[in-house]
Structures are given as structure tokens and as C-alpha cells.
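A.B. asks: First, the structure itself, so that you have it in front of you.
Numbering (my numbering), first residue to last: 11 to 434.
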């Protein structure tokens, strides 16, 4: 009997546990290790930030749902990996041995790279976790009582830009419904070289369509922006040209700010030589396996993927839901094959699909593959995307509670968008 340990129980780790149980049956032991005792549906955090969702709407306790599938759950933080010994150290002081390890931890949020950034000891908010979104909501309510300037966007080095656009549009929609939008100047500050770059070099006419969206909503923007410091109520921004030269300094006052951070790998993986790169992201080959430790696989935001292109101010490449789903399936098939004495060969599909809610409308894009040149480039806007994302949230939460492992993107999302399934 093999023991497979999964680090992380998010939108990659939890489906991976279910898929492994379905693929391996009851012949092997599966353990999920997570620092929190609950699952959170991260894509809904922007709604939590403005009060359109509560924590209970997008979270549930992990233990009972994993137990139904005969999957062991350990609620603890991992402090170190010892891959040569096939074990991990837990904060509680114990060790956990494994035959195969799947790393799906998500990122460390690198607020400390910018003085004054972040919700803990800094002056900006985040919607990267449900805890951060709840803190943002508290200050957002204060904003509605005492309106003032708002700054939303993404710091240099960020790789996940979609939630910033979502949150800006959702805030705009909510303020208009409260009839105080006219008292809240809004600025979008981003490290992207242009609006709609998204860390992907643009998708179709994402530049024109998202510029139009911001312009229609009276949201100003600053691109090629590097935030040098955040002080109470003021964001200090250096704007750069296309050659990376600093051309303008801005001191932007704000009453409320939500800025997405750059990501790093979690601390626990950094001590093992050959496992992670300089920023702590796990190195993987084409089958999602670490080249040095061949019984370690990784998926999602924690893996090392180079930027799509060099930009004047650093940006990273996003890891979207379709990519994570595809990586998960590849890993499950490869572990199953290895246990059966076969050579693993399944590869993930690095395609990008995103449903971005805009409060009263939405934007959907597809980039197949993620890195250009592409076979499919597709970008659409409309109110239907708003409803599609709500439906996706409800279905994904249902899927995670029911313990099923069917591929949502392959089975439903591409069909919803009217795009034929493409082979890798």
C-alpha cells in the first residue's frame, strides 16, 4: 500500500485528493495536509470584499467531507520538507512519511517586498484569502460611511491580475447602487504594460475591451507602475515607459486600497536543494514531476512557470483554473501508472480560461495555449458572464462537498463558451 500525501486543500489540492481516490480505489492511503481546517473558494473573495458573499457562503469544513471519501486529513502547517527521506515536518512537532508527495500549497503572498503593503501591518487590502477579504470588507464599509479616493490594482511582480479588474468593477457597481459613486474617485494601478495584458501578453482585444470597461466606469489607470512605498493614506508610484525608464512619480491619496501582491513559494519548500527556484516555486517537468525528486509532483500557483514575455515592470504568468484542473488530472494518471508499474506520460494543458465578474456584467477569455502563438484567442463581454460565474461558484462548491472529481472546465466551461474541446 502506497501513501500519497497532498500539501494544500484549495482549488487544486482538494480535487486532486478526490481524483486520486477514484483512480486508486481503496488500495492506497491518501492524506491531505492543510494549515486551515476549511476549504475556501478563492474566486469569490472579491464578492466577500464588498459584502456580496459571507464566509459561510464560500467555505466549508474539510474533515467531514474528506472522511466520507476515506481520505485522512491533517490540519497542521508544514515547516520543512526532507525529500531525500520522503517525509515532511509539521509545526506540531511530528513527521509525516510519504511514498508520493503532491505539492498544491498555493503561494506565499509577498507583501513584505514593498514597504507599507498588505493588510497585516501595512495600509492596503487583499482579496487573496477569505480572511483578507473580510478585513477588506470592514474597511470598505467605513469607506461607504466616509467616501474618498480608492486605488485598486496589482503590485510589481504580480501574476494574477483578473481579480484586480473584477474587484474594481464590483466596487464601482456597489458604489453606484449605494448612490455614492460620484464621491469616490477611482484609480487602477498596475504593473502591466497596458490595460488587459493580464500577464498573458493580452488575449484577443482584451486591451481595447478592458480599457473601454474602465473608461465607461470612470476609473483612471496607471500602467507600468512600480509602487515604491505605501504610507497611511498615500501610495507612492513610479511610472515607467516601455523601455523600463522611470518617467513620472505619483503620490496618490486613498481612503481605501486593494492591491494584489507578487507571489512566492511557501517557506517550507525552500530548504530542499533541487526542489524550488529562487522564489520558492516548485520546478516541474512536462509531466508535473520534480526532476530531482521523482516521487514529488506539484500543481497550481506553487509551480515555476516563466513569464509569457519580458515587461518594463515585472509581471508573472497566471495559473488559471483550467490549467490547474489539467495539471491535477495529469498527476493523478501519472501516480496511478507508476503504482501499476507503467511509465508516467500524462502532461498538463497550459491553457487559460477565465470568467471575470464585473458586478453587473462580466468578461470571459480563452487562450489556447496560454503562451502565444495560440490556436484559440477569444474574449467576450456581457451580462451572461456575471451569471455564468455565479453558476460556476455554486457548481464548484457542490462538487467539492459531494466529493466528485469530474473535470469542470473540459466538461462544462468550454461548452458554455461555445468552444470545441482541443487536444493538447
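Note that beta-carbon positions come from the ideal geometry of N, C-alpha and C, so glycine has one too.
(1) Using the rule of at least 16 other Cβ atoms within 10 Å of the residue's Cβ for burial, across every protein chain shown, is residue 245 buried or exposed?
(2) Whether or not the region 131 to 147 and the region 333 to 348 are in contact is what I'm after, with contact meaning three or more pairs of Cβ atoms, one per stretch, closer than 8 Å; do they touch?
(3) Cα-Cα, which of 20, 26, 150 is closest to residue 184?
(4) Is there contact between the region 32 to 47 and the region 376 to 387, where contact requires at least three CB pairs shorter than 8 Å?
(5) Mapping the DSSP letters down to three states, classify residue 300 as helix, strand or coil.
(6) Would you list, in sequence order, the uninterrupted beta strand (DSSP E) runs of no fewer than 3 residues that lie entirely inside the region 83 to 136?
(7) Would you mind sorting residue 133 into buried or exposed? The rule is 16 or more other CB atoms within 10 Å of its CB.
(8) Quick one: what does DSSP say residue 360 is sitting in, helix, strand or coil?
(9) Who does residue 367 pair with in a DSSP beta bridge?
(10) Does the region 343 to 359 come within contact of the region 322 to 329, defined as at least 3 CB pairs closer than 8 Å?
(11) My understanding is that residue 229 touches residue 112, with C-beta atoms under 8 Å, so please give their C-beta distance in whole angstroms.
(12) Under the rule that 16 or more other beta-carbon atoms within 10 Å means buried, what is residue 351, buried or exposed?
(13) Could you check whether residue 318 and residue 211 sit closer than 7 Å to each other, using their CB atoms as the reference points?
(14) Could you pull the DSSP bridge partners for residue 248 from this structure?
(15) Taking contact to mean at least 3 C-beta pairs separated by less than 8 Å, is the region 221 to 240 in contact with the region 158 to 174?
(16) What distance in whole Å lies between the Cβ atoms of residue 303 and residue 284, which are believed to be in contact at a cut-off of 8 Å?
(17) Answer yes if the region 63 to 74 comes into contact with the region 387 to 401, meaning at least three C-beta pairs across the two stretches below 8 Å, and no otherwise.
(18) Is the beta carbon of residue 17 sitting closer than 7 Å to the one on residue 115?
(19) Using C-beta distances below 7 Å, list every residue in its chain close to residue 177, excluding the 5 sequence neighbours before and after it, in chain order.
(20) Give the single residue among 264, 259, 333, 342 whose Cα lies nearest to the Cα of residue 243.
(21) So, at 8 Å on beta carbons, what are the nonlocal neighbours of residue 27 in its own chain, with the 5 sequence-adjacent residues on each side left out?
(22) Which residues in the same chain as residue 92 place their Cβ atom closer than 8 Å to its Cβ, once the five residues preceding and following it in sequence are excluded?
(23) Quick one: which unbroken alpha helix (DSSP H) runs of 4-plus residues sit fully inside the region 135 to 223? Chain order, please.
(24) DSSP on residue 434, reduced to helix/strand/coil?
(25) Distance, Cα to Cα, residue 432 vs residue 71?
(26) In terms of residues, what are the limits of the alpha helix (DSSP H) holding residue 450?
(27) Do you know whose CA, among 30, 271, 192, lies nearest residue 125's CA?
(28) Counting along the chain, where does the beta strand (DSSP E) carrying residue 42 start and finish?
(29) List the whole-angstrom C-beta distance separating residue 206 from residue 219, where the pair is believed to meet the contact cut-off of C-beta under 8 Å.
(30) Please classify residue 105: is it buried, with 16 or more other beta-carbons within 10 angstroms of its beta-carbon, or exposed?
(31) Under 7 Å, do residue 330 and residue 286 count as touching if we go by C-beta distance?
(32) First and last residue of the alpha helix (DSSP H) that includes residue 58?
(33) What are the boundary residues of the beta strand (DSSP E) that residue 379 is part of?
C.D. replies: From the atom records:
(1) buried
(2) Contact fails between the region 333 to 348 and the region 131 to 147, because fewer than three Cβ pairs, one in each stretch, are under 8 Å apart.
(3) 150
(4) The region 32 to 47, when compared against the region 376 to 387, does not touch it at the 8 Å Cβ threshold.
(5) The three-state reading of DSSP puts residue 300 in coil, since its state is none of H, G, I, E or B.
(6) 88 to 92, 97 to 100, 105 to 107, 110 to 113
(7) buried
(8) Taken through DSSP and simplified to helix, strand or coil, residue 360 comes out as coil.
(9) 372
(10) No, they do not touch.
(11) So it is not a contact: roughly 40 Å between Cβ atoms.
(12) Residue environment: residue 351 is assigned as exposed (fewer than 16 neighbouring CB atoms within 10 Å of its CB, all protein chains considered).
(13) yes
(14) In the DSSP output, where bridge partners are listed per residue, residue 248 has 236, 259.
(15) yes
(16) Going by Cβ atoms, the distance from residue 284 to residue 303 rounds to 7 Å, so yes, they are a contact pair.
(17) No: the two stretches stay apart, fewer than three of their Cβ pairs being nearer than 8 Å.
(18) Taking a C-beta distance under 7 Å as the contact criterion, residue 17 and residue 115 qualify as a contact pair.
(19) 56, 59, 137, 162, 268
(20) Ranking 264, 259, 333, 342 by CA distance to the CA of residue 243 puts 264 first.
(21) Around residue 27: 16, 19, 40, 42, 76, 79, 81.
(22) Excluding positions up to five away in sequence, the list reads 98, 99, 282.
(23) 140 to 155, 172 to 187
(24) The predicted model places residue 434 with a pLDDT of 41, which falls under 50 and marks its position as unreliable; any figure quoted below should be read in that light. Coil, per DSSP.
(25) Residue confidence for residue 432 is low, a pLDDT of 47 falling below 50, so the modelled location carries little weight and cannot support an answer.
(26) It is not possible to answer for residue 450, since the shown part of the chain is limited to 11 through 434.
(27) Minimum Cα distance to residue 125 is reached at 271.
(28) 39 to 44
(29) 7 Å
(30) With fewer than 16 neighbouring CB atoms inside 10 Å of its own CB, residue 105 falls in the exposed class.
(31) no
(32) 55 to 60
(33) Premise fails: residue 379 is in no beta strand (DSSP E) and is neither H nor E.
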